[in-house]
Amino acid sequence: MPEGHSIHRLARQFNDVFAGQTVEVTSPQGRFSAGAQLLDGARVGDSFAHGKHLFVGFDNGLYLNVHLGIYGAWTFGGDEQFQGASSIGAPRRVGERELGADVQPAAYTGPPAPKATVRARLVSEHGWADLVGPTVCRTLTVDEVAQVRAKLGPDPLNDDADPTAFFTAVSKTSRPIGVVLMDQKVISGVGNIFRAESLFRQKIDPLRPAKSLSAEEQRGLWEDNKHLLKIGVRVGRIITTEPQDRPGIAETEAWPEHANYVYHRQGQPCPRCGSTIAVDEIAGRKLYWCPGCQV
DNA sequence: GCCCTATGTTAAA
DNA sequence: TTAACCTAGGGCT
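Here this note's numbering runs 1 ahead of the position in the first sequence, where the first position is 1.
What follows is the structure in structure tokens.
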């Protein structure tokens with residue numbers, strides 16, 4: 002469920018709390034035991050995200066590569082260094098924030114007993130991280146990391162991303178732009194919410210063939226997804242409404258009914274034109290849009 | 001308890 | 001296009 006912004010926040014969290022630290026790596030659930038053994042006792046290096054893939058470097062040359070899929074989530078705990086994010090990943094409650102406001106216990110005395118579903122656990126001197134429910138959890142060599150990244154489209158959150166690759170891919174296909182935006186080989190990090198919201202904000206019908214988009218529309222989608230993803234990184238939630246569309250409500254305080262224009266708002270009136278927000282299932286995912294604004 | 005849902009991806013048919 | 005995979009919360013009975 003997390004879209005790209007969550008993974009970039011995770012990379013930052015790993016850099017903040019684990020970089021330079023020697024870690025014990027285990028797999029309480031058992032399904033990552035072999036990989037955990039390869040990383041156990043190594044020192045954590047640089048971590049980064051490419052789209053929805055997280056890469057955590059270790060000083061033995063290996064990387065931990067995690068993709069959360071729909072259900073995956075990381076939970077953190079530890080001493081004062083670990084204050085900040087308590088949980089990043091699949092939201093389990095409406096209005097949940099990635100940034101934990103919870104105050105950690107004053108004295109850190111070690112990690113709690115792991116739940117049986119914990120695929121991977123990292124423990125340093127200062128704290129711990131538990132991973133549950135990932136689609137991907139594996140170790141990769143440097144070359145393998147490059148191979149994985151080569152198959153991914155540019156990530157608007159990465160400074161070295163080349164939007165030209167996105168524009169070219171969009172120009173070449175007659176698949177609906179609403180489907181193409183979800184294709185991680187075309188653009189990385191955009192998920193179901195950013196797709197729906199960016200298409201609404203740019204007033205583009207999701208079913209239009211991608212190749213029918215003008216250069217201006219292509220550019221608009223790239224820039225708006227970058228803009229929205231950056232807000233997501235900053236506040237730890239997906240907020241896509243402009244301030245004037247949620248009067249008096251700060252982006253960090255916006256509840257779901259004020260946070261998005263069309264996502265999960267089917268049957269409600271469009272805040273811009275009053276048309277009824279529509280939903281349909283396309284390529285196995287729910288697609289939300291405003292039939293009045295998006296043409 | 002049981003059913004539904006979810007910010008995702010891959011493989012098989 | 002469908003199924004499979006992975007997990008937990010909420011609403012219901």
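Even for Gly, the Cβ is constructed at its ideal location relative to N, Cα and C.
None of these values were measured; they are calculated from a predicted model.
Q) Nearest to residue 188 by CA position, among 77, 150, 235, 72, is which residue? A) Start at 1 with the first residue of the first sequence, and residue 188 comes out as number 187. The shortest Cα separation from residue 188 among 77, 150, 235, 72 belongs to 150.
(Q) When you compare the segment 181-201 with the segment 233-241, are there three or more beta-carbon pairs, one atom per stretch, that lie closer than 8 Å? (A) yes
**Q.** Counted within 10 angstroms of its Cβ, other Cβ atoms place residue 142 as buried (16 or more) or exposed
**A.** Within the first sequence, the letter at position 141 stands for residue 142. By the neighbour-count rule (16 or more Cβ atoms within 10 Å), residue 142 is not buried but exposed.
Q. Would residue 138 pass as a contact of residue 49 if the rule is Cβ separation under 9 Å?
A. Reading the first sequence from its first residue, position 137 is the one you call residue 138. Reading the first sequence from its first residue, position 48 is the one you call residue 49. Cβ atoms of residue 138 and residue 49: not closer than 9 Å.
Q | Close-in-space but distant-in-sequence residues of the same chain around residue 247 (CB under 8 Å, 5 per side omitted) | A | Working through the first sequence from its first residue, we reach residue 247 at position 246. Result list for residue 247: 255, 259, 260, in chain order.
**Q.** Outcome for residue 67 when other beta-carbon atoms lying within 10 angstroms are tallied against a minimum of 16
**A.** Against the first sequence, residue 67 aligns to sequence position 66. The residue is buried, with at least 16 neighbouring Cβ atoms inside 10 Å.
Q) Which partner residues does residue 66 have in the DSSP bridge list? A) Taking the first residue of the first sequence as 1, we reach residue 66 at position 65. In the DSSP output, where bridge partners are listed per residue, residue 66 has 56, 139.
Q.
Since residue 39 and residue 140 should fall inside the 8 Å C-beta cutoff, what is the C-beta to C-beta distance between them, to a whole number of angstroms?
A. One-based indexing of the first sequence puts residue 39 at position 38. One-based indexing of the first sequence puts residue 140 at position 139. Confirmed, about 5 Å.
Q) Apart from the five residues on each side of it in sequence, which residues of its chain come closer than 7 Å, Cβ to Cβ, to residue 284? A) For the purposes of this step, residue 284 is taken as residue 283 along the first sequence, with counting starting at 1. Excluding positions up to five away in sequence, the list reads 180.
**Q.** Same chain only: Cβ atoms within 8 Å of residue 153, ignoring 5 sequence neighbours per side
**A.** Against the first sequence, residue 153 aligns to sequence position 152. Once the five neighbours on either side are set aside, the close Cβ partners of residue 153 are 51, 52, 54, 185, 186, 189.
Q: Would you mind working out which of 27, 82, 160 sits nearest residue 114, comparing C-alpha positions?
A: As a working note, residue 114 is residue 113 in the first sequence. Nearest C-alpha to residue 114: 27.
Q | Residue ranges of each alpha helix (DSSP H) within the segment 14-53, 4 or longer | A | 34-40
Q | Residues that residue 286 bridges to, as DSSP identifies them | A | Along the first sequence, one-based indexing puts residue 286 at 285. Residue 286 is bridged to 283.
Q) What whole-angstrom Cβ distance do residue 80 and residue 127 have, given they're in contact under 8 Å? A) Walking along the first sequence from the start, residue 80 turns up at place 79. Walking along the first sequence from the start, residue 127 turns up at place 126. Between residue 127 and residue 80 the Cβ distance is about 5 Å, and since that is below 8 Å, they are a contact.
Q) Excluding sequence positions up to five away, which residues of its chain have a Cβ less than 7 Å from the Cβ of residue 174? A) For this step, residue 174 is matched to residue 173 along the first sequence. Only 181, 211, 212 meet the Cβ criterion.
Q: Can you say whether residue 292 is buried or exposed, counting buried as having 16 or more other CB atoms within 10 angstroms of its CB?
A: Against the first sequence, residue 292 aligns to sequence position 291. Looking at its Cβ environment, which holds fewer than 16 other Cβ atoms inside 10 Å, residue 292 is exposed.
Q: Quick one: residues in its chain with C-beta nearer than 8 Å to the C-beta of residue 204, no 5 flanking neighbours on either side, listed in chain order?
A: Here residue 204 refers to the residue found at position 203 of the first sequence. Excluding residues within five positions, the ones whose Cβ falls inside 8 Å are 294, 295, 296.
Q: For residue 15, collect the residues of the same chain with a Cβ closer than 6 Å to its Cβ; drop the 5 residues on either side in sequence, then sort them by chain order.
A: Counting from one through the first sequence, the residue named residue 15 turns up at place 14. Within the same chain, residue 15 has close Cβ partners 48, 57.
Q. Can you tell which of 177, 280, 275, 276 has the C-alpha that lies nearest to the C-alpha of residue 208?
A. Position 207 of the first sequence, counted from the start, is the residue given in the question as residue 208. It is 177.
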